[in-house]
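According to this note's numbering, the sequence shown holds residues 77 to 271 in order. Ideal placement from N, C-alpha and C gives every residue a C-beta, glycine not left out. Bear in mind that the values here come from a model prediction, so they are computed numbers and not experimental data. Below: the structure, in structure tokens.
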Amino acid sequence: MMNKTCLSLLSVLALSGCGTLVGGSSQNISIDSNVKGVEIFDGGMKLCETPCTVRLARERSEKTLIARKNWYEETRILVGTSLNLFTLGNLISYTGFTTDAVTGAVWEYSPDSYYVNMMRNEKESRKEELLKKEIRRFILKNYDALRMEAGSGKSEYTKSLSSMTKIGVGELKKMCADSASRLLFVEDVTERAEY
77 MMNKTCLSLL SVLALSGCGT LVGGSSQNIS IDSNVKGVEI FDGGMKLCET PCTVRLARER
137 SEKTLIARKN WYEETRILVG TSLNLFTLGN LISYTGFTTD AVTGAVWEYS PDSYYVNMMR
197 NEKESRKEEL LKKEIRRFIL KNYDALRMEA GSGKSEYTKS LSSMTKIGVG ELKKMCADSA
257 SRLLFVEDVT ERAEY
């Protein structure tokens, strides 16, 4: 009789906090998007850039994440919650269920994978096109000076181009030295520039 009582007590203790032990108090959420490099925020704190997997503390309420990228509309991601089925085993154990409730393991994020469809911001897209035109004009007008700077210690024109494109001076000099023509250099720079 004593062995059965001990076995029963051990079983109850083993099930205590089953959801916490099996699922944990946090969960991985995968996020991808139609545009790579979208920044994902939770309450103003940057979590990651797509494609990514982020670990979130489990909570009872839904969570709203924000997706941001230059030239795109800000997008909200509603991360829903549902009951974690592992916690159902704890309905017989008050201690186990309260452990899971306190740690958040009673809940799980569902689904655990999200795809964000970012939409271009037309006003910002026009700004990007104007900036691309300005970069093209600058390179075409100053290509010979940029080529000379690529092989010397001077950087006056290269620094100006760097501030327009957010590409480092050293990288721009290498790109210019390696380019076969001014048109290929224009294409390479406008493709790599951050807008």
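Pull up the distance between the alpha-carbon of Arg-136 and that of Gly-119, whole angstroms please. 17 angstroms
Ala-279 (DSSP reduced to helix, strand or coil): Here the chain comprises residues numbered 77 to 271, so residue 279 is not present and cannot be evaluated.
Tyr-148 to Glu-210 span [Cα, whole Å]: Annotation: Tyr-148 to Glu-210 spans about 21 angstroms, alpha carbon to alpha carbon.
Those residues which DSSP pairs with Asn-104 across a bridge: Arg-131
Let me make sure I understand the geometry here. Which of Glu-270, Lys-112 and Ala-253 has the alpha-carbon closest to that of Pro-127? Lys-112
Quickly, what does DSSP pair Leu-141 with across the bridge? List them, please. Ile-153
In the DSSP assignment, the beta strand (DSSP E) including Ser-189 goes from what residue to what residue? 189-192
So, for Asp-188: in the same chain, excluding its five sequence neighbours on each side, which residues have a beta-carbon less than 6 angstroms away from its beta-carbon? Ile-105
Opening and closing residue of the beta strand (DSSP E) in which Lys-122 lies: 121-125
Can you tell me whether Ile-211 is helix, strand or coil according to DSSP? helix
Taking 8 angstroms as the threshold (C-beta atoms), are Lys-249 and Ala-269 in contact? no
Kindly indicate which three-state DSSP category Glu-200 falls into: helix, strand or coil? helix
Quick one: using the 10 Å Cβ neighbour count with 16 as the cut-off for buried, is Arg-134 buried or exposed? buried
Following the continuous alpha helix (DSSP H) through Leu-267, name the residue where it begins and the one where it ends. With the sequence shown as reference, residue 267 is identified as Glu, and Leu is not the correct amino acid for it. Here the alpha helix (DSSP H) through Glu-267 covers 258-268.
Ile-116: first and last residue of the uninterrupted beta strand (DSSP E) it sits in: 115-118
Thr-129: buried (16+ other C-beta within 10 angstroms of its C-beta) or exposed? exposed
Which residue marks the beginning of the alpha helix (DSSP H) containing Met-240, and which one marks its end? 232-241
Alpha-carbon to alpha-carbon, Arg-258 and Tyr-219: 6 angstroms
Taking Gly-246 as the reference, give the member of Met-194, Lys-230 and Ala-256 with the closest Cα. Nearest Cα to Gly-246 within the set Met-194, Lys-230 and Ala-256: Lys-230.
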